[in-house]
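Going by this note's numbering, the residue at position 226 of the sequence shown is 856; the numbering climbs one at a time, nothing skipped. Here is the structure we will look at, set down as structure tokens.
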Amino acid sequence: MKSIRLKEGKERSLLRRHPWVFESAVAKGGADAGETVRVEGHDGRFLCWAAFSPASRIRVRAWSFDEAQRIDAAFFDATVRRAIAARTHFAIASDGLRLVHGEADGLPGLVVDRYAGVLSAQFSSAGSERWKPVIADALLAATGATRLFERSDAQVRELEGLPAQTGWLRGDPGTDGHAGDTADTTVQITEHGWQLSLDVAQGHKTGFYLDQRDNRAAFARWVRQLGLQHVLNCYCYTGGFTVAALAGGAARVTSVDSSGPALQRVQAHVQLNGFDPAASTCHDADVNAFLRSGLQEGRRFDAIVLDPPKFAPTAAHAERAARAYKDINRLAFKLLVPGGLLFTFSCSGGISADLFHKIVAGAAADAPADGAILQRLEGACDHPTTMEFPEGEYLKGLAILKQA
Ligand code: SAH
């Protein structure tokens, strides 16, 4: 077994069970990509078993802090089962859910989502990549699913020196006697009783934004409770919040996204759920430009959803991102009627909930508008954050009522 010796004073974060060791903390030692190593303090004492990643600044990712633990197929089997069992504590109103959420589930660099009978996984570290076949078998055994699609095409793989990889990892319909066309990668899930379809090969991330599940339900409730009629859904993707708005009783929903293929599914979702297609209008546009022209044309909305992509992947991008968030939120406050609802989000790891709150408050002041916070919003419960790994927290949002 190869070992990695840390520099003196660099043991602290592992002792607090933070799962990462940066390149600069390593005194000596090395291994192949993804190989299991014994990580030791400067004095040689055991700290953790970990995966080594020679290309990444995050040189080591911990698998276990228990010296007696062997990192083998049984370990992955047990860890995957524990992650899946943890989801049963929550009453998740969907057959689309996250089964493994990386570091928070003790499996750094692994994300696994279940979409009805299909699993979709992303392997984004040298360690998870090395154990891929073992992890794939463990996932099928623990879930009873037979089909597992790989979506290892996130940019972070580059930092690990890994090429992008996508395709069926298990249960390829093309080799199981069916035609291997795109129809095979389309899955339908039922979320809060709504029918939502997605494509594990073409969709964003592993196919869908499961992290917004609870917030879509919350939005439907607020729309109903406040009797909101005309909703603007910005960065709508395939229309999750559009369906939520209609389910909440909205009379009209305007959906905006700059991705044509995503937008094409919005209307299908409206019809699939039995709503009047005439109640839904879609715009293939840049949201910022759409909001500005809406303002010039004197449009007004009773509710606005702002769910933009990650403007700040890390804290280094925070300042520029803050301006971008402030801009769209200021425009949204102006476009809302008094008594209207703003549902605004940031999924940037580089922007804390506190900072996001300040940015939105600044946007309200500039609009100008007064707002009362109805609800603080966060990622769904199957995207947990652990005490040891606060970096895992990324999605935050606010439901704000614009005062009359
Ligand atoms: N609210 C969605 C998820 C939104 S993800 C849901 O619940 O499913 C962010 C979306 O923003 C993506 O669909 C992406 O295509 C879109 N997007 C990114 N930049 C954009 C821009 N400048 N204008 C409009 N849409 C944009």
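Idealized CB from N, CA, C, for every residue including glycine. Just so we're clear, the structure is a prediction, and the values are computed from it rather than from any experiment.
beta-carbon residue i near the ligand SAH non-hydrogen atom, thresh 7 Å
{"i": "residue 892", "result": "yes"}
{"i": "residue 943", "result": "no"}
Coarse secondary structure for residue i, derived from DSSP in three states
{"i": "residue 809", "result": "Reliability of the predicted coordinates at residue 809 is poor, the pLDDT of 45 falling under 50, and no value is obtained from them."}
{"i": "residue 685", "result": "coil"}
{"i": "residue 714", "result": "helix"}
{"i": "residue 796", "result": "strand"}
{"i": "residue 929", "result": "coil"}
{"i": "residue 988", "result": "helix"}
{"i": "residue 705", "result": "helix"}
{"i": "residue 773", "result": "helix"}
{"i": "residue 750", "result": "strand"}
{"i": "residue 645", "result": "helix"}
{"i": "residue 975", "result": "strand"}
{"i": "residue 734", "result": "helix"}
{"i": "residue 760", "result": "helix"}
Per DSSP, the bridge partner or partners of residue i
{"i": "residue 680", "result": "667 and 692"}
{"i": "residue 912", "result": "885"}
{"i": "residue 1001", "result": "1032"}
{"i": "residue 982", "result": "DSSP output for residue 982 lists no bridge partner at all."}
{"i": "residue 652", "result": "688"}
{"i": "residue 755", "result": "The partner list for residue 755 (beta bridge, DSSP) is empty, contrary to what the question assumes."}
{"i": "residue 779", "result": "750 and 798"}
{"i": "residue 726", "result": "745"}
{"i": "residue 830", "result": "DSSP, once it has assigned bridges, lists no residue as partnering residue 830."}
{"i": "residue 815", "result": "According to DSSP, residue 815 bridges with nothing at all."}
Of all the beta strand (DSSP E) runs that stay within the bounds of the region 1005 to 1033, which reach a length of 3 or more residues? 1026 to 1032
Complete beta strand (DSSP E) runs within the region 832 to 900 (minimum length 3 residues, chain order): 860 to 864 and 882 to 887
Counting by C-beta, which residues lie closer than 5 Å to a heavy atom of the ligand SAH, in chain order? 839, 842, 865, 867, 870, 887, 888, 889, 892, 916, 917, 937 and 939
Whole alpha helix (DSSP H) elements within the region 937 to 971, 4-residue minimum: 948 to 965
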